[in-house]
Amino acid sequence: MSTSALVIVPTYNERANLPVLVAGLMAHAGVRVLVVDDQSPDGTGQIADRLVTEYPGRVTVLHRTDKRGFGRSYVAGMTQAIAEPVEVLCQMDADLSHDPSQLPNLIAATANADVVIGSRYVRGGAIVNWPMRRRLLSRVANAYIRTVTRLAPRDCTSGYRCWRRTALATLPIDQFFSDGYSFLVEMLFVAARSGLRIVEVPITFVERREGESKVSRAVLIESAITPWRLIAGPSNTRKALS
Ligand SMILES: Nc1nc2c(ncn2[C@@H]2O[C@H](COP(=O)(O)OP(=O)(O)OP(=O)(O)O)[C@@H](O)[C@H]2O)c(=O)[nH]1
Ligand SMILES: [Mg+2]
2 MSTSALVIVP TYNERANLPV LVAGLMAHAG VRVLVVDDQS PDGTGQIADR LVTEYPGRVT
62 VLHRTDKRGF GRSYVAGMTQ AIAEPVEVLC QMDADLSHDP SQLPNLIAAT ANADVVIGSR
122 YVRGGAIVNW PMRRRLLSRV ANAYIRTVTR LAPRDCTSGY RCWRRTALAT LPIDQFFSDG
182 YSFLVEMLFV AARSGLRIVE VPITFVERRE GESKVSRAVL IESAITPWRL IAGPSNTRKA
242 LS
């Protein structure tokens, strides 16, 4: 693969998953990793430090000490990553739900797009091991977001994404209001509003086998409110999206 990419991976209690993910990513030439750990009580930060020595020059870690958060971690990671001399910046979960072997497909699609979404809901996309209740929640969440915000992508909540670095650099990510997984929706909304080209590439999403989900009640409430906050934003929002 000739395109250079830096994958930003937020981690909180992913000690069993992170080494497997990083090994999978290291199989791709030109790919580097930035782990953003929030002082995981299970020692994921130390495991990340070990990976830095195991893969010299290809893995770095940012140990955050401020209030923990998914969105906050991405803001910190992206702020650092934007200054790196790479063509593509990627976002991935550490829990192996996002298959590193599919990364080259996503990166390749940045040749004709500013943002590439690894999508469960386009032809060829799939979800493995999710119970019906979880499938329904994700489907309803996407339908709700797309209806309220008029966003066009089928999978607005996917956390597997690649950006052309120069395109990502134009977004005011440090001004975003959401911190939970809504951060992903907010990013996409602002990207669409500012006219970035968004495409979807099918992925197979696999339910985590190790560790625990961090989806809380507060995160779900934030997700319900975010689409309305977004459309209540700048008055040109709807015009730019239509
Ligand atoms: N740095 C950091 N990472 C986080 C935080 N919360 C979640 N993460 C990471 O964000 C990624 C996604 O979190 P998950 O708990 O898997 O959430 P999810 O994928 O929406 O939910 P599941 O499908 O239940 O796994 C994982 O790599 C987590 O370790 C946080 O507060 N700080
Ligand atoms: Mg997950």
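Residue numbers (my numbering): 2 to 243.
Beta carbons are placed, not taken as given, at the ideal position from N, Cα and C, and that holds for glycine.
| Query | Result |
| --- | --- |
| Gly25 beta carbon less than 8 Å from that of Ser102 | yes |
| Assigned secondary structure, Arg162 (DSSP; H/G/I helix, E/B strand, else coil) | strand |
| Cβ contact check for the region 108-118 and the region 84-97: 3 or more pairs under 8 Å | yes |
| Residues that His29 bridges to, as DSSP identifies them | In the DSSP output, where bridge partners are listed per residue, His29 has none listed. |
| Stretch pair the region 160-168 + the region 112-122: three plus CB contacts closer than 8 Å | yes |
| Beta carbon of Ile204 nearer than 8 Å to that of Ala114 | no |
| Inter-residue spacing [alpha-carbon to alpha-carbon] between Arg165 and Ala6 | 9 Å |
| Pick from His64, Tyr182, Gly46 that is closest to Pro228, judged by C-alpha positions | Tyr182 |
| Distance, Glu201 Cα to Val191 Cα | 17 Å |
| Stretch pair the region 61-81 + the region 123-132: three plus CB contacts closer than 8 Å | no |
| Beta-carbon proximity list for Asp96, same chain, < 7 Å, skipping 5 on both sides | Glu15, Asn18, Arg209, Gly212 |
| Residues near Gly125 by beta carbon distance below 6 Å, same chain, minus five either side | Pro203 |
| Buried versus exposed call for Glu85 [16 or more other C-beta atoms within 10 Å across all chains shown] | exposed |
| C-alpha gap between Phe177 and Pro20, whole angstroms | 30 Å |
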